[in-house]
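Numbering-wise, the sequence shown is residues 4 to 480 according to our numbering.
All residues carry an ideal CB built from backbone N, CA and C; glycine is no exception.
From a predicted model like this one, the values you see are computed outputs, not experimental measurements.
Note sheet for the following structure.
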Amino acid sequence: MDFLNSMVGTINDFLWTYIIIVVLVGCGLWFTISTGLVQLRMLPEMVRLLAGDLGRRPSGRKAISSFQAFCVSTASRVGVGNIAGVAIAIVTGGPGAVFWMWVIAFIGTATGFVESTLAQIYKVPRGHGLFHGGPAYYIQNALGQPAVAKLFAVLISVTFGLIYVSVQANTIALSMEKAFAIDTWVVGGVLAVLAGAVIFGGMHRIAVFTSVLVPVMAGLYLLIALTIVVLHIDAVPAMFALILHDAFNPQAAVGGGIGTVILTGIRRGLFSNEAGEGSIPNAAATANVTHPVKQGLVQAFGVYVDTWIVCSATAFIVLLTGQYTIGGDITGIALAQDSLASVFGTWASSLLALLIFLFAFSSVVGNYYYGEINIHFITKNTQPALFVYRLAVVAMVFFGCVAAFGLVWNLADLFMAMICLTNLYAIARLAPLARIALADYFAQKAAGKNPVFDASIMPDQKGITAWGEDQFKPQKH
């Protein structure tokens with residue numbers, strides 16, 4: 004295991020230092036400029052669309068609303084990356100890493116808009132108001148590259164349904180062991196049973212489950228963070244000054260200097276907000292909306308929610324309580340628990356363990372969701388394949404609980420790099436189509452209309468199957 008962990012770590016260092024950061028930031032900047040700063044000028048519209056969809060019941064017996072699709076993607080985003088991942092970033096790269104997490108989130112919001120809008124344009128109807136879609140679908144249907152599409156489908160099924168699931172489970176097990184002294188294998192057994200009960204229920208049950216759980220758990224965690232900020236209000240200006248200073252002038256304890264600060268912030272930020280990975284488009288495509296840009300904007304807003312709000316909450320907790328040591332041994336979820344305990348007492352460690360359980364379990368469910376969508380893409384013999392895949396997911400939940408901490412995070416970084424490169428290649432080529440849809444949305448809004456997408460505005464309608472005259476009627480298989 005030590006050899007495998009070392010080898011994966013070496014590959015990660017090369018990929019992230021010389022390839023991923025250049026491609027990711029380069030694409031994000033291009034999307035930001037070419038869309039006219041869509042992440043800023045459309046921010047009010049993002050909020051309006053999301054708020055307006057609360058409580059809406061879409062057409063179709065099992066149809067998924069824009070808000071439900073947003074919650075599924077948020078369930079995947081908002082997990083251990085927002086708590087354990089941020090704590091790791093601060094210990095590894097110092098407080099300055101938080102600044103670079105914010106930067107990559109701002110850039111990534113434009114990337115998130117492009118990939119989610121493309122997913123909506125090239126989604127595939129499945130009947131009863133249900134849709135499937137994502138990078139595998141737009142790579143095949145728009146780029147006409149089925150081999151690359153299959154590669155992505157396999158990569159994301161493994162990355163999210165198996166590797167990321169093990170990361171979430173690992174954090175649950177460690178937090179429960181620290182707070183309640185429960186053996187990791189016991190946590191693994193219980194978690195595997197609970198995960199199986201939800202994921203064997205299918206995508207509609209997952210959408211309903213996450214739309215209830217996500218707002219509650221996120222709200223409670225933000226309330227805790229706000230309380231700590233209020234209790235340390237005098238230290239808040241100094242905290243922001245420290246983040247900004249260390250972003251460009253890292254402390255001597257940060258091995259590797261500013262390069263480590265930037266890379267750590269970007270790597271942990273991307274793991275958390277997932278912009279550019281190609282994961283969020285899988286959820287975006289399932290929403291039943293009248294125009295692709297609507298869901299593109301809603302999912303783009305999710306990047307802000309994830310990083311600028313939830314990740315920032317963790318950063319404030321860790322930095323204001325001062326329990327961290329750059330390069331220290333206490334990191335990840337253990338550091339977050341110690342930070343809360345220093346303010347509220349030892350019971351807070353137990354509360355965070357329960358919150359982590361909810362955060363990470365929702366991510367397990369959300370991550371599986373992406374795998375299921377891509378299993379439908381990979382094979383027509385869906386039911387047997389899904390049964391085997393669900394069993395594998397449950398097995399990885401147990402494995403993650405008993406596996407070494409460093410290995411599961413290194414594997415996550417490796418697979419994240421591979422799916423990023425595949426998806427960014429596709430959306431870089433297809434971005435002009437998202438801009439056409441955005442211009443159409445603006446034109447209809449300016450005319451006082453509720454934007455409705457007409458596929459005829461696209462230069463080529465090949466592969467666009469969900470946007471006809473009967474697009475909002477239940478479809479037959």
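C-alpha gap between residue 155 and residue 450, whole angstroms = Cα to Cα, the separation comes out at about 39 Å.
May I ask you to list the residues that DSSP assigns as paired with residue 130?
-> DSSP lists 133 as partners of residue 130.
What number of angstroms, rounded off, separates the C-alpha of residue 2 from the C-alpha of residue 283?
-> Given that the chain is displayed from residue 4 to residue 480, the structure contains no residue 2 and the question cannot be resolved.
Any chance the stretch 428-436 sits against the stretch 169-180, with 3 or more Cβ pairs inside 8 Å?
-> The stretch 428-436 vs the stretch 169-180: no contact.
Pairing CB atoms from the stretch 295-315 with CB atoms from the stretch 106-120, are three or more of them under 8 Å?
-> Yes: at least three Cβ pairs fall under 8 Å.
Can at least three beta-carbon pairs, one atom from the stretch 95-104 and one from the stretch 246-263, be found at a separation below 8 Å?
-> A contact exists between the stretch 95-104 and the stretch 246-263.
Cβ of residue 323 within 7 Å of Cβ of residue 379?
-> Contact flag unset, no.
Given a threshold of 16 other Cβ atoms within 10 Å of its Cβ, counted over all protein chains shown, does residue 219 qualify as buried or as exposed?
-> By the neighbour-count rule (16 or more Cβ atoms within 10 Å), residue 219 is not buried but exposed.
Is the distance from the Cβ of residue 440 to the Cβ of residue 264 below 7 Å?
-> It is not a contact, given that the beta carbons lie outside the stated cut-off.
By DSSP, does residue 67 sit in helix, in strand, or in coil?
-> Three-state result, residue 67: strand.
Starting from residue 104, follow the alpha helix (DSSP H) in both directions and report where the run begins and ends.
-> Run containing residue 104: 99-124, per the alpha helix (DSSP H) assignment.
Using 7 Å as the limit for Cβ to Cβ distance, is residue 234 near chain D?
-> Of the chains in the structure shown, none is chain D; there is only one protein chain.
Should residue 2 and residue 80 be called a contact, given that it needs their Cβ atoms to be closer than 7 Å?
-> Only positions 4 to 480 of the chain appear in this structure, which leaves residue 2 out of reach.
Beta-carbon spacing of residue 12, residue 377 below 7 Å | No, Cβ-Cβ distance for residue 12 and residue 377 is not below 7 Å.
Residues near residue 330 in its chain [Cβ-Cβ closer than 6 Å; skip 5 each side] = The beta carbon of residue 330 sits closer than 6 Å to the beta carbons of 256 from its chain, once the five residues preceding and following it are set aside; these are given in chain order.
Counting only runs that start and end within the stretch 312-391, where is the beta strand (DSSP E) found for 3 or more residues in a row?
-> Listed in chain order, there is nothing to give.
Alpha carbon to alpha carbon, how far is residue 327 from residue 151? Give it in angstroms, no decimals.
-> The alpha-carbon atoms of residue 151 and residue 327 are separated by roughly 43 Å.
Per the contact definition of three or more C-beta pairs closer than 8 Å, is the stretch 305-322 in contact with the stretch 223-231?
-> Contact between the stretch 223-231 and the stretch 305-322 is present: three or more C-beta pairs spanning the two stretches fall below 8 Å.
Any idea what DSSP makes of residue 406, helix, strand or coil?
-> Residue state, collapsed to three classes: coil.
Could you tell me how far apart the beta carbons of residue 355 and residue 343 are, in whole angstroms, since I believe they sit closer than 8 Å?
-> With 8 Å as the limit, residue 355 and residue 343 qualify as a contact, their Cβ atoms being about 5 Å apart.
Would the beta-carbon of residue 182 fall within 7 Å of that of residue 400?
-> For residue 182 and residue 400, no; Cβs fall outside 7 Å.
CA-CA distance, residue 478 and residue 431?
-> Note that residue 478 scores 36 on pLDDT, short of 50, meaning its location in the model is unreliable; the coordinates nonetheless yield the value given after this. So the two alpha carbons sit approximately 31 Å from each other.
Buried or exposed for residue 425, please, with buried defined as at least 16 other CB atoms from any protein chain shown within 10 angstroms of its CB.
-> For residue 425, the number of other beta carbons within 10 angstroms of its own is at least 16, and it is reported as buried.
Report back the beta-carbon spacing between residue 373 and residue 164 to the nearest angstrom; my notes put them in contact at under 8 Å.
-> The beta-carbon separation of residue 373 and residue 164, rounded to 7 Å, stays under the 8 Å limit for a contact.
Which two residues bound the contiguous alpha helix (DSSP H) that contains residue 19?
-> Segment: none, residue 19 is in no alpha helix (DSSP H) and carries neither H nor E.
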